[in-house]
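**Q**
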Amino acid sequence: MTGSELSAWITKAGETTDMPATLPQLTLAERMVEAGAPNADQLQEGMTWRAMTDWLNHAKKYTSYTPGKALPKGRDRDHLASETAKQLARRLSTSCGLQLPYDEYYANKGEVSDFILACRAELMRQGKPAFSPSDEEKNLPATEGQRFKLRTLGVELPEDATREQASDRIIQAQKEGGMTLGPPIQRENVQKARWWGLRTSSSTQKEDPQEPYTPWKSPQQH
Numbered sequence: 001m002t003g004s005e006l007s008a009w010i011t012k013a014g015e016t017t018d019m020p021a022t023l024p025q026l027t028l029a030e031r032m033v034e035a036g037a038p039n040a041d042q043l044q045e046g047m048t049w050r051a052m053t054d055w056l057n058h059a060k061k062y063t064s065y066t067p068g069k070a071l072p073k074g075r076d077r078d079h080l081a082s083e084t085a086k087q088l089a090r091r092l093s094t095s096c097g098l099q100l101p102y103d104e105y106y107a108n109k110g111e112v113s114d115f116i117l118a119c120r121a122e123l124m125r126q127g128k129p130a131f132s133p134s135d136e137e138k139n140l141p142a143t144e145g146q147r148f149k150l151r152t153l154g155v156e157l158p159e160d161a162t163r164e165q166a167s168d169r170i171i172q173a174q175k176e177g178g179m180t181l182g183p184p185i186q187r188e189n190v191q192k193a194r195w196w197g198l199r200t201s202s203s204t205q206k207e208d209p210q211e212p213y214t215p216w217k218s219p220q221q222h
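Using the UniProt record's numbering, the letters of the sequence shown map in sequence onto residues 1 to 222.
(1) Looking at chain D, is there any beta carbon in it that lies within less than 8 Å of the beta carbon of glutamine 126?
(2) Between which two residues does the alpha helix (DSSP H) carrying glycine 14 extend?
(3) What runs of the alpha helix (DSSP H), each 4 residues or longer, lie entirely inside the stretch 112-160?
(4) Leaving out five residues before and five after threonine 48 in sequence, what residues of the same chain have Cβ atoms less than 8 Å from its Cβ?
(5) Rounded to the nearest angstrom, how far is the Cβ of threonine 180 from that of leucine 117, given a contact under 8 Å?
(6) Is it right to say glutamate 16 is buried, meaning 16 or more other beta carbons lie within 10 angstroms of its own, or is it exposed?
(7) Roughly how far, in whole angstroms, is the beta-carbon of threonine 63 from the beta-carbon of glycine 36, given that I think they are within contact range, below 8 Å?
(8) Where does glutamate 211 land, buried or exposed, given buried means 16+ other C-beta within 10 angstroms?
(9) Within the same chain, show all residues whose beta-carbon is closer than 6 Å to that of glutamate 111, passing over the 5 residues directly before and after it, in chain order.
(10) When you compare only the Cα positions, how much space is there between arginine 147 and glutamine 174?
(11) State yes or no: is the C-beta of glutamate 122 within less than 8 Å of the C-beta of leucine 88?
(12) Do you know offhand how far valine 155's Cα is from threonine 2's?
Put into structure tokens, the structure is as follows:
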């Protein structure tokens, strides 16, 4: 059975049975709560695959979480980072106060990507938006990415909207949907749900349920 066939089978099984939430779902839920996901208090022991799927779909709309598939992997992490990525890292560094942990000239995609995630996590911890245009960009036309994000939130931007206006509207819509800025206060709910999933998951899972959960840390927190 291929990976895509297995994924399709799990989806079908989850729709027709009361199978428990999967380990990937529980892990993703942790990341979503760290990114300010709404309704974290709805996470509880005994959640089914379907209930967790519904929760995740709602959370994805109202957070600025970066999915793993959008991050560099494997050998691609060793390639030199683009100037665009390095500029974003510099801007986020200034906003959140974290220092660049690498030599910019030689920085690779993995280092810059990890640092961008660290900065966004720090901005969330400080109660600041994780995405905002620079002074040079704020009066430029809103990007297609911003417009797409707002459409998923049920908002249509005027044709002449700027990036700053789009950014402000995204933040407003996310807050209206329950997104929280600042330290996640409901992580214990994720913990309970995650350990329940580990206890009832297949013995082939590689994670050890006795191992304490350690949240991902930025380079300066190691």
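Yeah, the Cβ is synthetic: ideal placement off N, Cα and C, and Gly gets one too. Quantities reported herein were computed from a predicted structural model and do not represent experimental measurements.
**A** According to the data block:
(1) In the structure shown, chain D cannot be found, because there is only a single protein chain.
(2) 3-16
(3) 144-152
(4) Gly14, Asp18, Met19, Pro20, Ala21
(5) Contact flag wrong, Cβ pair sits at about 18 Å.
(6) In the sequence as presented, glutamate is not what sits at residue 16; that position holds threonine. Exposed: under 16 other Cβ atoms inside 10 Å.
(7) 5 Å
(8) At glutamate 211, the pLDDT of 32 sits below 50, so the modelled position is not reliable and the matter cannot be decided from this model.
(9) Tyr102
(10) 14 Å
(11) no
(12) 38 Å
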